[in-house]
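Peer 1: The sequence shown maps to residues 1 to 242 in full-length UniProt numbering. Note that the Cβ used here is the ideal one computed from N, Cα and C, for glycine as well. Since the model is a prediction, treat every value here as computed from it, not as a measurement.
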Amino acid sequence: MRVAILDDEPAELARVEQTLREIPGPGEAPWTLHRFERGEDLLRQLRRETFDLLILDWQLPDLSGLSLLRWTREHMDAPPAAIMLTSRDAESDIVQALNSGADDYLSKPFRPNELKARVNAVLRRHGLQRNNSEELLSFNDLTFDDAELTVTRARVPISLTEREYRLARCLFANLGRPLSREYLYERFWTHEEIASSRPLDTHIYRLRNKLGLTADRGWQLLTIYGYGYRLESVAAPDQQGH
């Protein structure tokens, strides 16, 4: 779970970060928290990196949290979930933020347990947390079994390593959403592994072949130059024109 926290008060940033670290990570994904004191700094990162959740203060000395929220909704194909966390508590402010695309709104000073509950609720709505009983998930003819870490096509097992499974599961859980290289590296590799080779490119190549992520099977795994990858569902050739 990759989270960006925006607040121009270092003490508040630290308090939010500490609260989020007390929430268990969803599934296999660890929490990675990124702190920003300037809206412009976060905006630069949003242009080149992937985040699952934004926690935004409203009033900042440069770019306001509300302006940043609106930018994500207007310019990103799949904007991350967003929670406004601000001292502004007028009803008109809350309505304005929610109408601008915020998933939730909390007033400062926040109560840690309430923030945890609101974060979990937003992540569930966005499908970033799933019920432990939901172990099987199907995409066309591919079925993922999270309990056994296996993939089958028409009940025939496909041989994947654990890391290949988790990477594939992440791509399918984010269909249509661009995922930056840094986002994927943070989730699935250590710094030592990254420095020694180009493991992500190798794994993407293997998944394309093993899972048949090609247009004739209804998939397109795109390389986004300078950014990362995006898996898309497309109409197979025998379905086009019907």
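Looking only at DSSP bridge pairs, what is TYR105 linked to?
Peer 2: DSSP, once it has assigned bridges, lists MET84 as partnering TYR105.
Peer 1: Can you tell me whether DSSP reads THR214 as helix, strand or coil?
Peer 2: In the structure shown, THR214 sits in coil (DSSP, three-state: anything other than H, G, I, E or B).
Peer 1: Considering only the beta carbon of each residue, do LEU123 and ILE55 sit closer than 8 Å?
Peer 2: Cβ atoms of LEU123 and ILE55: not closer than 8 Å.
Peer 1: Among GLY127, PRO10, LEU106, THR19, which has the Cα closest to the Cα of ARG35?
Peer 2: When each option's Cα is compared against that of ARG35, the closest is PRO10.
Peer 1: Under DSSP, the beta strand (DSSP E) around TRP219 begins and ends at which residues?
Peer 2: Here the beta strand (DSSP E) through TRP219 covers 219-224.
Peer 1: In its own chain, which residues sit with a C-beta less than 6 Å from the C-beta of GLY241, not counting the 5 before and 5 after it?
Peer 2: Only weak support exists for where GLY241 lies, its pLDDT of 49 falling under 50; the coordinates are left without a value.
Peer 1: On a CA-only basis, which of ARG206, ASP93, PRO80, GLU148 is nearest TYR183? Give me that one, please.
Peer 2: Measuring from the Cα of TYR183, the nearest candidate turns out to be PRO80.
Peer 1: Could you tell me how far apart the beta carbons of ALA102 and LEU60 are, in whole angstroms, since I believe they sit closer than 8 Å?
Peer 2: ALA102 to LEU60, Cβ: 16 Å. No contact.
Peer 1: Does any CB atom of chain B fall closer than 8 Å to the CB of LEU137?
Peer 2: As a matter of chain content, chain B is missing from the structure shown, which is built from one protein chain.
Peer 1: Taking the C-alpha atoms as reference points, what is the distance between THR32 and MET1?
Peer 2: Each residue's alpha carbon lies about 6 Å from the other.
Peer 1: In angstroms, rounded to a whole number, what distance separates the CA positions of ARG111 and ALA78?
Peer 2: Computed Cα separation, rounded: 29 Å.
Peer 1: Just mark HIS203 as buried or exposed, buried being the case when its beta carbon has 16 or more other beta carbons within 10 Å.
Peer 2: Buried.
Peer 1: Kindly indicate the opening and closing residues of the alpha helix (DSSP H) around GLU22.
Peer 2: Per DSSP, GLU22 belongs to no alpha helix (DSSP H) and is neither H nor E.
Peer 1: Indicate the three-state DSSP secondary structure (helix, strand or coil) for SER64 in the structure shown.
Peer 2: SER64 falls in the coil class under three-state DSSP.
Peer 1: Cα separation between LEU66 and ALA90?
Peer 2: Cα-Cα distance, rounded: 15 Å.
Peer 1: Starting from the Cα of THR214, find the closest Cα among ALA235, TYR225, TYR227 and give me that residue.
Peer 2: Comparing Cα positions, the closest option is ALA235.
Peer 1: Measure the C-alpha to C-alpha separation of LEU175 and GLY39 and round it to an integer number of angstroms.
Peer 2: Approximately 28 Å between the Cα atoms of the pair.
Peer 1: Can you list, in chain order, the residues of its chain with a C-beta nearer than 6 Å to that of ASN140? Leave out the 5 residues immediately preceding and following it.
Peer 2: Closer than 6 Å at the Cβ level, and outside the excluded window around ASN140, lie GLY218.
Peer 1: Could you say which of LEU43, THR86, LEU211, ILE158 lies nearest to ARG73 if we only look at CA atoms?
Peer 2: The shortest Cα separation from ARG73 among LEU43, THR86, LEU211, ILE158 belongs to LEU43.
Peer 1: Let me confirm a value: LEU128 is counted as buried when at least 16 other C-beta atoms fall within 10 Å, else exposed. Which label applies?
Peer 2: Buried, since its Cβ has 16 or more Cβ neighbours within 10 Å.
Peer 1: Are residue 244 and ASP57 touching if we call contact CB-CB under 8 Å?
Peer 2: This structure does not reach residue 244, given that the chain is present from 1 up to 242, and the question cannot be answered.
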